[in-house]
Amino acid sequence: MQSFALFAVKYTRIVGRDRDMESHMKPIDHWMNDPSARAAAASFGDGSAIVETAIAIQQIPAPTFDEARRSAEVAERMRALGLADVRIDTVGNVYGRRPGHTGGPRLLIAAHLDTVFPAGTDLAIRYEGARIYGPGLGDNSMGVAALLHLAYALGQADVANAGDIWFVGNVGEEGLGDLRGMRAAVDTLGDRIGAAIALEGCEPGRIIHAGRRCGSWGSTNSSGSMMCGAARSSTSRSASASPTSRKS
Ligand SMILES: [Zn+2]
847 MQSFALFAVK YTRIVGRDRD MESHMKPIDH WMNDPSARAA AASFGDGSAI
897 VETAIAIQQI PAPTFDEARR SAEVAERMRA LGLADVRIDT VGNVYGRRPG
947 HTGGPRLLIA AHLDTVFPAG TDLAIRYEGA RIYGPGLGDN SMGVAALLHL
997 AYALGQADVA NAGDIWFVGN VGEEGLGDLR GMRAAVDTLG DRIGAAIALE
1047 GCEPGRIIHA GRRCGSWGST NSSGSMMCGA ARSSTSRSAS ASPTSRKS
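With the sequence shown counted from 1, adding 846 to any position gets you the numbering used here.
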């Protein structure tokens, strides 16, 4: 779970359903003291590179059911990062694997590729002070950028993850997509997944680590919260990406 800690090290606060926040911080503190996690977090710099990536992603239209161009771009970037087994599945999900060293539990880290904005939307961004506005920038180009930069950070610090880490850009998260991309990813990776983190760009600085069974994700695991409640983290406060979209 080192990758989970990386964002906590640098950017996040923890949001839980119960009030015992201190107890939830302990594992984060543990990883904050891990030299490789700290080195990986350092590679994020001031966050400007993440924002640059997010804007590049945001400029590629990706309405739900029409994410192919963005999928191809993310796949290309995953290959450039040196991830293994990069491929696009039949629904358009992009997969890349960071091999584990001991065959321990696998970790799925996902960010949805699609946006609520229809084809033809003007994707121009604008800057207002420290804030950046653009359709779909926060939801979820920032999440996708975080996914890619997390893979980069782990590589830069040569983090020795025990189990495989699967980075997934998933399609069909919004509206009528009905989570079809994540359903396909879970079906594909199956019991190789030991834990999951979903990256969202709309709530900078937050990790939600617990949640109720939600909607169509219901039949997941014994806690009933495999993906939707496992974690929805966002990225850099310094990014200040402020979507004009609704929160998904
Ligand atoms: Zn979203």
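Virtual Cβ for every residue (Gly too), placed ideally from N, Cα, C. Please read all numbers here as calculations on a predicted model, not as lab measurements.
Subject >> Backbone secondary structure at residue 945 - three-state DSSP >> reply: Along the sequence shown, one-based indexing puts residue 945 at 99. In the displayed model, residue 945 falls within coil according to three-state DSSP, outside both helix and strand.
Original post:
Does the beta-carbon of residue 974 have 16 or more other beta-carbons within 10 angstroms, so that it is buried, or is it exposed?
Top reply: On the sequence shown, residue 974 is found 128 positions in, with the first residue counted as 1. When all chains shown are included, residue 974 counts as exposed.
Original post:
Closest by CA to residue 953, which one among 1012, 889, 1054 and 989?
Top reply: Locating residue 953 in the sequence shown gives position 107, counting from the first residue. The shortest C-alpha separation from residue 953 is found at 1012.
Subject >> Reference residue 984; option with closest CA among 934, 897, 877 and 1034 >> reply: The residue labelled residue 984 in the question sits at position 138 within the sequence shown. The residue with the shortest Cα to Cα distance from residue 984 is 897.
**OP:** Compare the C-alpha of residue 943 against each of 879, 1049, 921 and 913 and name the closest.
**Re:** In the sequence shown, residue 943 corresponds to position 97, counting from 1. Restricting attention to 879, 1049, 921 and 913, the CA atom closest to the CA of residue 943 is found in 921.
**OP:** Measure the C-alpha to C-alpha separation of residue 881 and residue 1005 and round it to an integer number of angstroms.
**Re:** Counted from its first residue, the sequence shown places residue 881 at position 35. Counted from its first residue, the sequence shown places residue 1005 at position 159. Approximately 9 Å, taken between the alpha carbons.
Subject >> Pick from 998, 906, 1049 and 948 that is closest to residue 891, judged by C-alpha positions >> reply: Stepping through the sequence shown from its first residue, residue 891 is reached at position 45. The residue with the shortest Cα to Cα distance from residue 891 is 998.
**OP:** Assign residue 1070 to one of three DSSP states: helix, strand, or coil.
**Re:** Working through the sequence shown from its first residue, we reach residue 1070 at position 224. Low confidence applies here, because residue 1070 scores a pLDDT of 30, under 50, leaving its location unreliable; read the following figure in that light. Residue state, collapsed to three classes: coil.
Original post:
residue 990 to residue 917, Cα distance in whole Å?
Top reply: As a working mapping, residue 990 is identified with position 144 in the sequence shown. As a working mapping, residue 917 is identified with position 71 in the sequence shown. Distance between residue 990 and residue 917, taken at the CA atoms: about 11 Å.
Original post:
Of the residues 1001, 981, 1009 and 1014, which one's Cα is nearest the Cα of residue 993?
Top reply: In the sequence shown, the residue the question calls residue 993 occupies position 147. The shortest C-alpha separation from residue 993 is found at 1014.
**OP:** Could you tell me whether any non-hydrogen atom of ligand 1 is closer than 6 Å to the CB of residue 985?
**Re:** In the sequence shown, residue 985 corresponds to position 139, counting from 1. Yes.
**OP:** State the start and end residues of the unbroken alpha helix (DSSP H) segment that holds residue 980.
**Re:** Here the question's residue 980 lines up with position 134 in the sequence shown. Segment 977 to 980 is the beta strand (DSSP E) holding residue 980; no alpha helix (DSSP H) there.
Subject >> Closer than 6 Å: residue 913 CB and nearest ligand 1 heavy atom >> reply: To locate residue 913, count along the sequence shown from 1; it is residue 67. Every heavy atom of ligand 1 is 6 Å or more from the Cβ of residue 913, so no.
Subject >> Beta-carbon gap between residue 1027 and residue 937 smaller than 7 Å >> reply: By 1-based counting over the sequence shown, the position of residue 1027 is 181. By 1-based counting over the sequence shown, the position of residue 937 is 91. Yes; because the gap between Cβ atoms is below 7 Å, this pair is in contact.
**OP:** Return the residue from the list 887, 905 and 901 that minimises the CA-CA distance to residue 968.
**Re:** Reading the sequence shown from its first residue, position 122 is the one you call residue 968. Distances from the CA of residue 968 to each of 887, 905 and 901 were compared; the closest alpha carbon is that of 905.
Subject >> Cβ neighbour criterion (16 or more within 10 Å) applied to residue 1022 >> reply: In the sequence shown, residue 1022 corresponds to position 176, counting from 1. By the neighbour-count rule (16 or more Cβ atoms within 10 Å), residue 1022 is not buried but exposed.
**OP:** With DSSP collapsed to three states, give me the class of residue 892.
**Re:** Here residue 892 refers to the residue found at position 46 when the sequence shown is read from its first residue. In the three-state reduction of the DSSP assignment, residue 892 falls in the coil class.
**OP:** Could you tell me the boundaries of the alpha helix (DSSP H) in which residue 989 lies?
**Re:** Looking up residue 989 in the sequence shown gives position 143. Looking at the DSSP string, the run of the alpha helix (DSSP H) that includes residue 989 is 988 to 1002.
**OP:** Please name the residue in 964, 874, 930 and 1008 whose C-alpha comes closest to that of residue 949.
**Re:** Reading the sequence shown from its first residue, position 103 is the one you call residue 949. Among 964, 874, 930 and 1008, the Cα nearest to that of residue 949 is on 1008.
Original post:
If you draw a straight line from the C-alpha of residue 1043 to the C-alpha of residue 1054, how long is it?
Top reply: Translated into the one-based positions of the sequence shown, residue 1043 becomes position 197. Translated into the one-based positions of the sequence shown, residue 1054 becomes position 208. Residue 1043 and residue 1054: Cα-Cα distance of roughly 10 Å.
**OP:** Please work out which residues of its chain come closer than 8 Å, Cβ to Cβ, to residue 914, disregarding the five sequence neighbours upstream and downstream, and give them in chain order.
**Re:** For the purposes of this step, residue 914 is taken as residue 68 along the sequence shown, with counting starting at 1. So the list reads 938, once near-sequence residues are dropped.
Original post:
By a C-beta neighbour count over all protein chains shown, 10 Å radius and 16 as the cutoff for buried, is residue 1037 buried or exposed?
Top reply: Translated into positions along the sequence shown, residue 1037 becomes position 191. Exposed is the label assigned to residue 1037, since fewer than 16 other Cβ atoms lie within 10 Å of its Cβ.
**OP:** Return the CA-CA distance between residue 979 and residue 958, expressed in angstroms with no decimal places.
**Re:** As a working mapping, residue 979 is identified with position 133 in the sequence shown. As a working mapping, residue 958 is identified with position 112 in the sequence shown. Using only the alpha carbons, I get a separation of about 19 Å.
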